[in-house]
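Per my numbering, residue 474 is the first one in the sequence shown, and the count goes up by one each step. All C-beta atoms in this analysis are idealised placements derived from N, C-alpha and C, irrespective of residue type, glycine included. Predicted model only: the values in this text are computed from it and were never measured. Worksheet: one structure, shown below.
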Amino acid sequence: MVDVTEKSVTTREAIAEARVRMLPETLRMIQAGGHPKGDVFAVARIAGIMAAKKTHELIPLCHPLLLTSVKVELMAEGDDVVHIVSRCKLAGQTGVEMEALTAASVAALTIYDMCKAVDKGMTIESVRLLEKTGGKSGHYHYEKVSS
474 MVDVTEKSVT TREAIAEARV RMLPETLRMI QAGGHPKGDV FAVARIAGIM AAKKTHELIP
534 LCHPLLLTSV KVELMAEGDD VVHIVSRCKL AGQTGVEMEA LTAASVAALT IYDMCKAVDK
594 GMTIESVRLL EKTGGKSGHY HYEKVSS
């Protein structure tokens, strides 16, 4: 684990995303609230928040952090994608990128788990850091490279 003792306490925030691609009928079922396991978005949101808080237990050498805010938003994108955006924040000596990435990933995995009985072909895509602020390295913002 990296020694952060001498690092300054600063406000740090990270935003990450993930997408779950599925059959249009699967997304319609989720949006209509017709899933037998309950509200898929609500369960995935709670799973993402819980995962952010346990990142240090899941990823070797991550510091346990006192997160001051974790938000996980899920929204339909088109007719076959759930777009997940997670935001983690704290005042501390190390960043929250891993917590944001973990929150988005576990929310996506939760959607997969809840819907796999009706759509085994779902894919989890585009898990990435979108933005981070605070700390010595300053501000980072993801910029898509055109191909």
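(request) Write down every uninterrupted run of the alpha helix (DSSP H) in the segment 513–551 whose length is 4 residues or greater and which is fully enclosed by it, in chain order. (result) 513–526, 528–531
(message) Between the segment 519–535 and the segment 574–584, can you find at least three pairs of beta-carbon atoms closer than 8 Å?
(response) yes
(message) Less than 8 Å between the C-beta atoms of D592 and T499, yes or no?
(response) yes
(request) Mind reading off the beta-carbon distance from V513 to C588? Whole number of angstroms is fine, and I expect it under 8 Å. (result) 7 Å
(message) I need the straight-line Cα distance from G607 to E546, nearest angstrom please.
(response) 22 Å
(request) With DSSP as the reference, label T583 as helix, strand or coil. (result) helix
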